[in-house]
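Have a look at the structure below before the remarks.
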Amino acid sequence: MFKAVLSDSNILKTSFDAISSIVDEVQMMADEEGLRLDALDRSHITFVHLELKKGVFDEYQCDETLKINVDTEELMKVLKRAKAEDMVELTVDEGNLIVTFEGEAKRKFKIRLIDIEYEAPSPPELEYPTEFEVPFSLLKDSIQDIGIVSDKISLQVNEEKFQASAEGEFGDAKVEYVHGERIEESARSIFSLEKVKEMLKADKFSESAVIRLGNDMPLNLALKMASDEGELSFLLAPRIES
Amino acid sequence: QEKQSSLDAFFN
Chain A
6 MFKAVLSDSN ILKTSFDAIS SIVDEVQMMA DEEGLRLDAL DRSHITFVHL ELKKGVFDEY
66 QCDETLKINV DTEELMKVLK RAKAEDMVEL TVDEGNLIVT FEGEAKRKFK IRLIDIEYEA
126 PSPPELEYPT EFEVPFSLLK DSIQDIGIVS DKISLQVNEE KFQASAEGEF GDAKVEYVHG
186 ERIEESARSI FSLEKVKEML KADKFSESAV IRLGNDMPLN LALKMASDEG ELSFLLAPRI
246 ES
Chain B
213 QEKQSSLDAF FN
């Protein structure tokens, strides 16, 4: 028996907006602790991890470990139909994930489960020299600003500032933010702007983002729900001088 | 000129 009820439909909608732009299919794991997924995109550039502990849900019931394999695009098409005030209920039957929206009316969708042969990958454990927090909206704005001049973005941090910048053929752009945190080293890596943009589609998950940066290391971006019961995080491989 | 790396290099 699996049943999960969520009053904030935005959590699923915003998570899968990002997830569906990164991977075509996912294996969600449900157990008594909650729901989680780990997925790696086809070209092994972005890794995504979603964890919704049972405390996130208004009601959560799961007697045995369950693998829920879905096509992310199909799931996203359904989640887009959720209205902000709808309660969302997730259940499974033989071969389907059942998504029910309950508001003015009760609307029920069945999404066919798919076969996924491989095991979900586990995230690599990397040691980072820096970790700091920035407002999510600032990151979103930075992407827009840097996108004016380039399709790549350099992210760097030092004792005082976090900086997003790019040098383009026709001009340069730079965003500086005083992070106010204790950072003892500086770090810089370059990323594909398009890939960062995909991650930042999850703009209703959290007000702030925890960033870990190293030199020519993957970008580790974590969005955490205020309750600490939910996390959506990403690892993005850098662009490296060849 | 830099190029896109893969996470595989960091997974192990």
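Residue numbers (my numbering), protein chains in the order written: chain A, 6 to 247; chain B, 213 to 224. We treat Cβ as the ideally placed atom computed from N, Cα and C, and that holds for glycine. Source: prediction; values computed, not measured.
Tell me which residue opens and which closes the alpha helix (DSSP H) that residue i is part of.
{"i": "residue 219(B)", "result": "No alpha helix (DSSP H) contains residue 219(B), which DSSP labels as neither H nor E."}
{"i": "residue 27(A)", "result": "14–27"}
Please list the terminal residues of the continuous beta strand (DSSP E) segment that includes residue i.
{"i": "residue 82(A)", "result": "Where residue 82(A) is concerned, there is no enclosing beta strand (DSSP E), although the alpha helix (DSSP H) it sits in stretches over 77–84."}
{"i": "residue 39(A)", "result": "39–45"}
{"i": "residue 36(A)", "result": "30–36"}
{"i": "residue 54(A)", "result": "51–58"}
{"i": "residue 7(A)", "result": "7–11"}
{"i": "residue 119(A)", "result": "It is not in any beta strand (DSSP E) - residue 119(A) carries neither H nor E in the DSSP assignment."}
{"i": "residue 68(A)", "result": "Unbroken run through residue 68(A): none, as it is neither H nor E."}
Under 8 Å by Cβ, that's how I've got residue i and residue j pegged, so tell me the actual separation to the nearest angstrom.
{"i": "residue 93(A)", "j": "residue 11(A)", "result": "5 Å"}
{"i": "residue 1(A)", "j": "residue 227(A)", "result": "Because residue 1(A) is not part of the residues shown, which for chain A are 6 to 247, the question remains open."}
{"i": "residue 131(A)", "j": "residue 116(A)", "result": "Wrong, their Cβ atoms sit about 34 Å apart, outside the cutoff."}
{"i": "residue 71(A)", "j": "residue 97(A)", "result": "7 Å"}
{"i": "residue 135(A)", "j": "residue 190(A)", "result": "6 Å"}
{"i": "residue 194(A)", "j": "residue 143(A)", "result": "Going by Cβ atoms, the distance from residue 194(A) to residue 143(A) rounds to 18 Å, so no, they are not a contact pair."}
{"i": "residue 120(A)", "j": "residue 74(A)", "result": "7 Å"}
{"i": "residue 6(A)", "j": "residue 68(A)", "result": "5 Å"}
{"i": "residue 167(A)", "j": "residue 182(A)", "result": "5 Å"}
Is there contact here, the stretch 98–115 of chain A with the stretch 142–153 of chain A, by at least three beta-carbon pairs under 8 Å?
Two segments are said to touch when three or more pairs of C-beta atoms, one from each, lie closer than 8 Å; by this definition the stretch 98–115 of chain A does not touch the stretch 142–153 of chain A.
Start-end ranges of the beta strand (DSSP E) lying completely within the stretch 135–164 of chain A, minimum 3 residues:
Every unbroken stretch of the beta strand (DSSP E) spanning 3 or more residues and falling wholly within the stretch 135–164 of chain A is given here in chain order: 135–140 and 157–162.
Report the start-end ranges of each beta strand (DSSP E) in the stretch 207–240 of chain A that is 3 residues or longer and not cut off at the edges.
Runs found: 213–218 and 224–229.
Note down, one range per segment and in chain order, each alpha helix (DSSP H) of at least 4 residues found wholly within the stretch 172–204 of chain A.
Runs of the alpha helix (DSSP H) inside the stretch 172–204 of chain A: 198–204.
Between the stretch 39–66 of chain A and chain B, which residues of the former have a C-beta closer than 8 Å to a C-beta of the latter?
So the list reads 45, 48, 49, 50, 51 and 52, given in the order they occur along the chain.
Within 7 Å of chain B by C-beta, residues of the stretch 230–244 of chain A in sequence order:
Hits within the stretch, in order: 240, 242, 243 and 244.
The stretch 47–60 of chain A in contact with the stretch 227–244 of chain A per 3-pair CB rule at 8 Å:
Output reads yes: the stretch 227–244 of chain A touches the stretch 47–60 of chain A.
Taking beta-carbon pairs under 8 Å, can you tell me which members of the stretch 127–148 of chain A lie near chain B?
Those would be 129 and 131, in chain order.
Short of 8 Å Cβ to Cβ, which residues in the stretch 186–219 of chain A face chain B?
Taking 8 Å as the Cβ-Cβ cut-off, the stretch 186–219 of chain A approaches chain B at 195 and 197, given in chain order.
Taking 8 Å as the cut-off, does the stretch 23–32 of chain A touch the stretch 116–125 of chain A (at least 3 CB pairs, one atom from each stretch)?
Yes, they touch.
Could you tell me whether the stretch 199–208 of chain A touches the stretch 13–24 of chain A, using the rule of 3 or more Cβ pairs below 8 Å?
These segments touch.
Between the stretch 126–143 of chain A and the stretch 215–227 of chain A, do three or more beta carbon pairs fall short of 8 Å?
With a cut-off of 8 Å, the stretch 215–227 of chain A and the stretch 126–143 of chain A count as touching, because enough Cβ pairs lie within range.
Please list, in chain order, the residues of the stretch 160–171 of chain A that have any C-beta partner in chain B closer than 9 Å.
Of all residues in the stretch 160–171 of chain A, none has a Cβ within less than 9 Å of some Cβ in chain B.
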